[in-house]
Amino acid sequence: MPTGNRRPLWLRTVCTPGNLAHLKARRCDGCAQWTLTCESDVWESYDPGVITGADLTVAIILDRPLTRLEWFPGFGQARLIDEHMSRTLDPKATYLTLHRCGHTPISLTPFKPPKRAVTKNTWKSDAEPTIEDIKAFERVWKTPLSRLEQTGK
Ligand SMILES: [Zn+2]
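In this text, residue positions in the sequence shown follow my numbering: the first is 25, and each later residue adds one.
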């Protein structure tokens, strides 16, 4: 086994069991490199490094399709958004490139989940929602407005 081919730690952050985007850390059958594989309808594998800022230019020059990685801090889950045809790439956003077997990844930069809410507001700063918060949110979300107004008294 070649060195430097350990599973990147950040894949564990993104590929939590049962994540809604069906993301899994998987070794490529062809080149044995670790990839982030989206196991939805069509399986797609991505190189295990994030592309942002100047690396975007490199990806465009090399004609590597880009997929945006969106992170939901409250839920600790990621979602992939195909930017295949997009002409407006955001240099501050985080992207992944499709794994192209045998090609060196443009980036091996680990994904770091962004910190929550930049602006200080009425929420407790840096507080992550608890299971109870999420349950309460879901309960309110599912309750018809009329019933909610009654119970709110
Ligand atoms: Zn490969």
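Note that beta-carbon positions come from the ideal geometry of N, C-alpha and C, so glycine has one too.
Cβ pair residue i, residue j closer than 8 Å
i    : j    : result
I130 : D79  : yes
P137 : T37  : yes
T91  : L104 : yes
Burial state of residue i, where buried means 16 or more other Cβ atoms lie within 10 Å
i    : result
T118 : buried
D71  : buried
N29  : exposed
F96  : exposed
P32  : buried
L178 : Lying outside 25 to 177, the shown extent of the chain, residue 178 is not represented and no answer is given.
V74  : buried
L35  : buried
Option nearest residue i by Cα separation, candidates the options
i    : options               : result
E63  : E107, A56, C39        : C39
G98  : W34, K159, H127, L35  : K159
H123 : C52, L35, Q101, A102  : C52
A56  : G126, G77, D106, T133 : G126
F135 : N43, T81, L60, E107   : L60
G42  : Q101, V82, T154, A83  : Q101
T128 : V82, D106, T112       : V82
T76  : G54, T154, W58, L93   : L93
Please confirm if the region 41–50 is in contact with the region 80–89, defined as three or more CB-CB distances below 8 Å between the two stretches. no
So which residues touch the region around ligand 1, with touch meaning a C-beta under 5 Å from any heavy atom? C52, G54, C55, C125
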